[in-house]
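Beneath this line is the structure, given in structure tokens, with notes to follow.
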Amino acid sequence: MDVKKYLAYWADRYQDDLKENILPFWLKHGLDRVHGGVYTCVDRDGTLIDSTKSVWFQGRFGFICAYAYNNIEANEEWLKASKSCIDFIEQHCFDTDGRMYFEVTASGQPIRKRRYVFSECFAAIAMSEYAIASGDKSYAEKALALFKQILHFINTKGILAPKFCEGVEMQGHSITMILINTAARIREAIPAVELDEQISLSIDTLQRYFIHPEFEALLETVGPNGEFIDTIIGRTINPGHCIETAWFLLEEAKYRGGDPQLTEVAVKILDWSWNWGWDKEYGGLINFRDCKGLPVQDYSQDMKFWWPQTEAIIATLYAYEATGEERFLRMHQQISDWTYAHFPDAEYGEWYGYLHRDGSVAQPAKGNIFKGPFHIPRMMIKGSMLCRDMMKS
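Numbering (the working numbering), first residue to last: -16 to 376.
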């Protein structure tokens, strides 16, 4: 493989796809020029099918537009879109208790609030990235203040509704891993000891409790001290989620100057999760597996969703950068070829989100409350950056 030529091809393709396809689609069909913020419930051609607004995506798109501005091109339209989403968040998405909603109406009236703090995490990274793009330090300070609130919410018993009844003790992978990325993004705008401490705590928690070598897996749900829970929930492996965690760890290892121990852990998670997730018959990464090989409960268990593929594209590039092992470029080519052969919509733009196991389209909408402009454009920005960095070195 001509590595430099390969990296140059993907660096250009990611950037071109972002600038000519993904961002134009959402700026045209998603950006709300009346109320501010962004819609995500759009049909295949971009037609709005539900004006309900995902609060996650007010933060996610706010982040993406500023991240593209900072790392791809200083496009004022992107910066304005980021500000529109952040303004909408500040005006409409916080409840009186300081927590955020999950869904609001087009004009910002609250619809639903959940027990998680993901809305807060996405709002925080939007504010920190906008601070870098705009030069307005006050948004970095807002991001850090919100992060401290997030820690208060999750560490103070009684603020967040428990997921399970009293006497059932479990801990989940999701919040542990998302705090790594949230803190790392905010740290780029405003250094703070709380950010580094949380990253280290999350990494320790992952290594101590969630990594289970007996299954060669990172499990989604474990006991309070990492105990294996032999139930459907406890046996669940989410390969895409684990691969996303792997690149969060590789990014942090790089930040720490190439931390060899953390790199080793991250690569192990990537390899294990790839082995569990890659569909040897049809290609692509499958949604869920059972660590004992038993039937999986989730009805979408054998489908191919968009985001595990994008996370694998990022993770394999990071792994190649960290190790120099060409097998990771071959994995990158494998996942990239499959993803680009099945998800992009050549007629209307953007990508499908939901495929059957054989790669056929399950439903054609380009967005909903959970799919919108985040994983795909983040992959394109990250991918372009990583490829260009490696070409220089």
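The C-beta atom is built at its ideal place from N, Cα and C for all residues, glycine as well.
Select from the options the residue whose C-alpha is nearest the C-alpha of residue i.
{"i": "A166", "options": "Q154, H156, S183", "result": "S183"}
{"i": "A298", "options": "D254, K63, S157", "result": "D254"}
{"i": "L201", "options": "F271, I318, F85", "result": "F271"}
{"i": "E171", "options": "A106, I215, Y238, I252", "result": "Y238"}
{"i": "I186", "options": "V205, N208, G209, T159", "result": "T159"}
{"i": "L277", "options": "N138, W334, F198, S67", "result": "F198"}
{"i": "R47", "options": "S37, L31, E308, A64", "result": "Note that residue 47 is Ile in the sequence shown here, rather than Arg. The shortest C-alpha separation from I47 is found at A64."}
{"i": "G260", "options": "P243, I215, E227, E234", "result": "E227"}
{"i": "E264", "options": "I108, G342, S117, Y303", "result": "G342"}
{"i": "Q154", "options": "G217, A236, A229, N4", "result": "G217"}
{"i": "H315", "options": "M374, A302, A324, H325", "result": "A302"}
{"i": "H156", "options": "F311, T204, F130, R191", "result": "T204"}
{"i": "E304", "options": "G336, F288, M373", "result": "M373"}
{"i": "F353", "options": "E330, G336, G332, L134", "result": "G336"}
{"i": "K320", "options": "E330, A295, E309", "result": "First, the amino acid is wrong: residue 320 is Asp here, not Lys. Cα-wise, what sits closest to D320 is A295."}
{"i": "E247", "options": "A236, S256, G240", "result": "A236"}
{"i": "G332", "options": "C76, R27, I72", "result": "R27"}
{"i": "I386", "options": "C225, W230, Y192", "result": "It is not possible to answer for residue 386, since the shown part of the chain is limited to -16 through 376."}
{"i": "D273", "options": "L127, P327, D281", "result": "D281"}
{"i": "P291", "options": "A345, T322, H75, K349", "result": "T322"}
{"i": "G81", "options": "F136, G141, K2, L127", "result": "F136"}
{"i": "T88", "options": "H325, T35, S102, Q317", "result": "T35"}
{"i": "Q317", "options": "A345, W257, I173", "result": "W257"}
{"i": "I359", "options": "C24, L312, F44, D(-5)", "result": "F44"}
{"i": "Y22", "options": "F71, Y(-8), Y52", "result": "F71"}
{"i": "F357", "options": "R(-4), H325, F8", "result": "F8"}
Go ahead and pull the three-state DSSP assignment for residue i.
{"i": "A329", "result": "coil"}
{"i": "K140", "result": "coil"}
{"i": "G20", "result": "coil"}
{"i": "Q280", "result": "coil"}
{"i": "G42", "result": "helix"}
{"i": "G355", "result": "coil"}
{"i": "D26", "result": "coil"}
{"i": "D179", "result": "helix"}
{"i": "D119", "result": "coil"}
{"i": "E149", "result": "coil"}
{"i": "D(-15)", "result": "coil"}
{"i": "I173", "result": "coil"}
{"i": "E308", "result": "coil"}
{"i": "S376", "result": "coil"}
{"i": "K63", "result": "helix"}
{"i": "G366", "result": "helix"}
{"i": "I55", "result": "coil"}
{"i": "K349", "result": "coil"}
Classify residue i as buried or exposed, calling it buried when 16 or more other Cβ atoms lie within 10 Å of its own Cβ.
{"i": "C148", "result": "exposed"}
{"i": "S367", "result": "buried"}
{"i": "N164", "result": "buried"}
{"i": "L189", "result": "buried"}
{"i": "W363", "result": "Correcting the residue identity first, residue 363 is Met in this sequence and not Trp. M363 is buried by the Cβ-count criterion."}
{"i": "A57", "result": "exposed"}
{"i": "P196", "result": "exposed"}
{"i": "E112", "result": "buried"}
{"i": "Q20", "result": "As written in the sequence, residue 20 is Gly, which differs from the Gln given in the question. Result: buried."}
{"i": "M(-16)", "result": "exposed"}
{"i": "V38", "result": "buried"}
{"i": "V17", "result": "exposed"}
{"i": "G249", "result": "It should be noted that the sequence gives Ala, not Gly, for residue 249. That one is buried."}
{"i": "E180", "result": "exposed"}
{"i": "Y84", "result": "buried"}
{"i": "I94", "result": "exposed"}
{"i": "A109", "result": "buried"}
{"i": "T79", "result": "exposed"}
{"i": "Q41", "result": "buried"}
{"i": "Y52", "result": "buried"}
Per DSSP, which residues does residue i bridge with? Please list them.
{"i": "E86", "result": "S37, R95"}
{"i": "F77", "result": "M83"}
{"i": "K287", "result": "L338"}
{"i": "V344", "result": "L338"}
{"i": "Q154", "result": "V205"}
{"i": "R272", "result": "I220"}
{"i": "L14", "result": "V21"}
{"i": "L31", "result": "V25"}
Under 7 Å between C-beta atoms, does residue i make it to chain D?
{"i": "L31", "result": "Looking at the structure shown, chain D is missing, and only one protein chain is on hand."}
Next on the checklist: As an exercise, report each continuous alpha helix (DSSP H) stretch of at least 4 residues that is fully enclosed by the stretch 188 to 268, in chain order.
Outcome noted: 215 to 218, 222 to 238, 243 to 260
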